[in-house]
Amino acid sequence: MITGARNRLPARQSSESRHVTTQQHRIFGITGWKNSGKTTLTERLVAEFRRRGKRVATVKHAHHDFDIDREGTDTFRHRAAGAGEVAIVSGRRWALMHEHDGALEPTLDDMIAKLSPCDLVLVEGYKTENHSKIEVRRVDARETKPLAGSIPNVVAIAADHPVVGGHLPAFGLDDVHGIADFIAALTGLD
Numbered sequence: 001m002i003t004g005a006r007n008r009l010p011a012r013q014s015s016e017s018r019h020v021t022t023q024q025h026r027i028f029g030i031t032g033w034k035n036s037g038k039t040t041l042t043e044r045l046v047a048e049f050r051r052r053g054k055r056v057a058t059v060k061h062a063h064h065d066f067d068i069d070r071e072g073t074d075t076f077r078h079r080a081a082g083a084g085e086v087a088i089v090s091g092r093r094w095a096l097m098h099e100h101d102g103a104l105e106p107t108l109d110d111m112i113a114k115l116s117p118c119d120l121v122l123v124e125g126y127k128t129e130n131h132s133k134i135e136v137r138r139v140d141a142r143e144t145k146p147l148a149g150s151i152p153n154v155v156a157i158a159a160d161h162p163v164v165g166g167h168l169p170a171f172g173l174d175d176v177h178g179i180a181d182f183i184a185a186l187t188g189l190d
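Each residue of the sequence shown is one higher than the one before, counting from 1 in the working numbering.
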């Protein structure tokens, strides 16, 4: 476990660092190289903030083509027939799938604007966007070169190994409570 960061409150960031993009959303990012533990940390932070009674949304950036639908389903067939948008609705949840059809990928701000009001939006990926973010590092990640200093607004590190040097608060990857406290203080969620 990396110690010392838990009681360190974040310094005020410059106006370039975005903690709130709208009156409806506080935004904080989780970034790092592939297989660094971003999704696991995001999942654990969502659970921690939900335990605290907060409404949480997530936005995940994918660098590859993906499909959340399955071949053979009615919605898959609607899309295969050419529908530009397909909504599926039940008593428990709804989803809207939108085909780009050659248009540019929507920006992070575009996607956040589509979210319902919530207490916190956790953003996984989107390394080069200007929102504040924590860099996740693992010894066994495919790439281990630090991102802090080369991408904007990394305000802390979460790692499974000691982080030496540097000026940023460092947390152990398992210190989810401490990381959540840090995010809450930084975004004004307290």
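A virtual CB, placed ideally from N, CA and C, is assigned to each residue, including glycine. Owing to the predicted nature of the structure, the values given are computational and were not obtained by experimental measurement.
Starting from T58, trace the alpha helix (DSSP H) in both directions and tell me its first and last residue.
Reading the sequence shown from its first residue, position 58 is the one you call residue 58. The continuous stretches of alpha helix (DSSP H) do not include T58, which lies in the beta strand (DSSP E) extending over residues 56-60.
Taking buried to mean at least 16 other C-beta atoms within 10 Å of its own C-beta, is A153 buried or exposed?
The residue you call residue 153 lines up with position 153 of the sequence shown. Residue identity differs from the one stated: residue 153 is Asn in this sequence, not Ala. N153 should be labelled buried.
Can you give the Cα-Cα distance for V139 and D67, rounded to whole angstroms?
To locate residue 139, count along the sequence shown from 1; it is residue 139. To locate residue 67, count along the sequence shown from 1; it is residue 67. Approximately 31 Å, taken between the alpha carbons.
Take the Cβ of T73 as the centre, count every other Cβ of all protein chains shown within 10 Å, and call the residue buried at 16 or more, exposed below.
Along the sequence shown, read from residue 1 onward, the residue named residue 73 stands at position 73. T73 is exposed by the Cβ-count criterion.
Could you give the distance in angstroms between the alpha-carbon of D119 and the alpha-carbon of A113?
Taking the sequence shown and counting its residues from 1, one reaches residue 119 at position 119. Taking the sequence shown and counting its residues from 1, one reaches residue 113 at position 113. Spanning the alpha carbons of D119 and A113 requires a straight line of approximately 14 Å.
Find the nearest neighbour of L45 within the set G91, G102, E105, V136, judged by alpha-carbon distance.
Here the question's residue 45 lines up with position 45 in the sequence shown. Out of G91, G102, E105, V136, V136 has the C-alpha closest to the C-alpha of L45.
Whose C-beta lies closer than 6 Å to the C-beta of I183 among residues of the same chain, with five residues either side of it excluded?
Within the sequence shown, numbered from 1, the residue matching residue 183 stands at position 183. Closer than 6 Å at Cβ, skipping near neighbours: F28.
Between T42 and L115, which are expected to be in contact by the criterion C-beta below 8 Å, what is the C-beta distance as a whole number of angstroms?
Taking the first residue of the sequence shown as 1, we reach residue 42 at position 42. Taking the first residue of the sequence shown as 1, we reach residue 115 at position 115. Not quite, the Cβ-Cβ distance comes to about 15 Å (not below 8 Å), so this is no contact.
Have a look at the DSSP bridge pairing and note the partners of I134.
Here residue 134 corresponds to residue number 134 of the sequence shown, with the count starting at 1. Paired residues: I30, A156.
Check each candidate in S150, H177, I179, P146 and name the one with the smallest Cα separation from V163.
Start at 1 with the first residue of the sequence shown, and residue 163 comes out as number 163. Taking only the C-alpha atoms, the option nearest V163 is P146.
I'd like to check one pair, I30 with I157: are the Cβ atoms closer than 7 Å?
What you label residue 157 is simply residue 157 of the sequence shown in a count that begins at 1. What you label residue 30 is simply residue 30 of the sequence shown in a count that begins at 1. Taking 7 Å as the Cβ cut-off, I157 and I30 do not qualify as a contacting pair.
For K129, collect the residues of the same chain with a Cβ closer than 6 Å to its Cβ; drop the 5 residues on either side in sequence, then sort them by chain order.
On the sequence shown, position 129 is the one that residue 129 refers to. This sequence places Glu at residue 129; Lys is not what is there. Cβ within range, chain order: L108.
Once DSSP output is grouped into helix, strand and coil, what is the label at I68?
Translated into positions along the sequence shown, residue 68 becomes position 68. Coil.
I need the straight-line Cα distance from Q161 to V176, nearest angstrom please.
Taking the sequence shown and counting its residues from 1, one reaches residue 161 at position 161. Taking the sequence shown and counting its residues from 1, one reaches residue 176 at position 176. What sits at residue 161 in the sequence shown is His, not Gln. Distance between the alpha carbons of H161 and V176 is about 15 Å.
What are the start and end residues of the beta strand (DSSP E) that includes V176?
In the sequence shown, counting from the first residue as 1, residue 176 sits at position 176. Not the beta strand (DSSP E): V176 falls in the alpha helix (DSSP H), residues 176-187.
Please report the distance separating the alpha-carbon of T75 from that of G102.
Stepping through the sequence shown from its first residue, residue 75 is reached at position 75. Stepping through the sequence shown from its first residue, residue 102 is reached at position 102. Distance from the CA of T75 to the CA of G102, rounded to the nearest whole angstrom, comes to 21 Å.
If you draw a straight line from the alpha carbon of L173 to that of A141, how long is it in whole angstroms?
The residue you call residue 173 lines up with position 173 of the sequence shown. The residue you call residue 141 lines up with position 141 of the sequence shown. Rounded to whole angstroms, L173 to A141 spans 13 Å at the Cα level.
So, helix, strand or coil for E124, using DSSP?
Against the sequence shown, residue 124 aligns to sequence position 124. Strand at E124.
For G172, list the residues DSSP reports as bridge partners.
To locate residue 172, count along the sequence shown from 1; it is residue 172. Paired residues: A159.
By how many angstroms is the C-alpha of R70 removed from the C-alpha of R93?
Numbered from 1 along the sequence shown, position 93 holds the residue referred to as residue 93. Numbered from 1 along the sequence shown, position 70 holds the residue referred to as residue 70. Spanning the two alpha carbons is a distance of roughly 17 Å.
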